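Using the numbering used here, the letters of the sequence shown map in sequence onto residues 1 to 222.
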Amino acid sequence: MFQLLKEDIRTVFNRDPAARNMLEVAFCYPGFHALRFHRMAHFLWQHRLRFPARLLSHINRFLTGIEIHPGASIGRRFFLDHGMGVVIGETAEIGDDVLIYQGVVLGGTSLEKTKRHPTIGNNVVIGAAAILLGPITIGDGVRVGANSVVVKSVPPRATVVGVPGRVVEEKRPPVVDLEHGRLPDPVNEAIRNILEEQDKLWHRIEELESALDAERRHSERA
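Rendered as structure tokens:
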């Protein structure tokens, strides 16, 4: 347990350049606090101490603004950056080296007591306010853009953005990074392509009009 605590603290330093010292991390990082509370609550949940587990997770939510059901499974070196408003459902499963930003929801789409929340692979980055719904699988190395709504499974090393979420880049190198603000924008790309085609058409029309004018002048001289 102590080794896991040291690893969680080290993860904060590795993922957040604003972290200055261990005291600051221990007392001023709600994402770190939420993870520590969850690890205790999950231990209780696994030992069928359901009410104490739920009570501890409720205290966690009250203190940090982060709601993690004690039944959710979270891997190692997990980091919640800022974290306010994050919701992680009961049957969610999160792999190792996952980075989640504020406002993310791993939600369910069924009232049945079955697997109903997302499964997140290793080395995944989920941008701010993204919503992932249902028993979908997010493959290893995936990046999910901010404000995306993902309702279908995503293959490994892909980039998904938009509402609903669309894969816009596949087979990226499996790297966790902080540059989720530079993800491709398929809507902007489509508009850019349309404008380029429109520009080509205008040039073609001008060429045809010039050719017709030249032919008309030639006919008039004849």
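C-beta: ideal position from N, C-alpha, C; glycine also. Please read all numbers here as calculations on a predicted model, not as lab measurements.
Short of 6 angstroms in beta carbon distance, which residues of its chain neighbour residue i, apart from the five on each side in sequence? Order them along the chain.
i	result
Ile88	Ile68, Ala72, Leu106
Val163	Val149
Thr11	Arg77, Phe79
Going by DSSP, which residues form a beta bridge with residue i?
i	result
Val125	Leu99, Arg143
Asp16	Per DSSP, none; premise fails for Asp16.
Val160	Val144, Val167
Glu93	Ser73, Thr119
Thr137	Thr119
Gly107	Leu133
Ile9	Answer is none; Ile9 lacks a bridge partner.
Val87	Glu67, Val105
Leu80	Ile100
Val149	Ile131
Val25	Bridge partners of Val25: none, in fact.
Are the Cβ atoms of residue i and residue j separated by less than 8 angstroms?
i	j	result
Pro118	Gly139	no
Thr64	Ala34	yes
Tyr101	Gly127	yes
Leu80	Gly31	yes
Pro70	Arg54	yes
Thr91	Arg50	no
So, at 8 angstroms on beta carbons, what are the nonlocal neighbours of residue i in its own chain, with the 5 sequence-adjacent residues on each side left out?
i	result
Val154	Ile136, Thr137, Ile138, Gly139, Val142, Val144, Val160, Gly165, Val167
Leu4	Arg39, Arg76
Phe13	Ala19, Val25
I'd like the list of long-range same chain contacts for residue i, defined as Cβ closer than 7 angstroms, with 5 residues on each side in sequence excluded.
i	result
Ile191	none
Thr109	Arg116, Leu133, Gly134
Does chain C have any CB closer than 8 angstroms to the CB of residue i?
i	result
Glu112	No chain C is part of this structure, which consists of one protein chain only.
Query raised in the report: Between the region 102 to 119 and the region 129 to 148, do three or more beta carbon pairs fall short of 8 angstroms?
Result: Contact between the region 102 to 119 and the region 129 to 148 is present: three or more C-beta pairs spanning the two stretches fall below 8 angstroms.
Report task. For the region 92 to 103 and the region 119 to 126, state whether three or more C-beta atom pairs, one from each stretch, are separated by less than 8 angstroms. Result -> By the criterion of at least three beta-carbon pairs nearer than 8 angstroms, the region 92 to 103 is in contact with the region 119 to 126.
Report task. Check whether the region 44 to 58 touches the region 74 to 82, counting contact only when three or more Cβ pairs, one atom from each stretch, lie closer than 8 angstroms. Result -> No: the two stretches stay apart, fewer than three of their Cβ pairs being nearer than 8 angstroms.
Requested in this report: Write down every uninterrupted run of the alpha helix (DSSP H) in the region 39 to 74 whose length is 4 residues or greater and which is fully enclosed by it, in chain order.
Outcome: For the region 39 to 74, whole alpha helix (DSSP H) runs of length 4 or above, ordered along the chain, are 50 to 64.
Report task. Specify whether the region 13 to 24 and the region 37 to 47 touch according to this definition: at least 3 beta carbon pairs, one from each stretch, less than 8 angstroms apart. Result -> No contact exists between the region 13 to 24 and the region 37 to 47.
Report task. Only counting runs of 3 or more residues, tell me where the beta strand (DSSP E) segments fall wholly within the region 187 to 219, in order along the chain. Result -> None, since the region 187 to 219 contains no complete beta strand (DSSP E) of that length.
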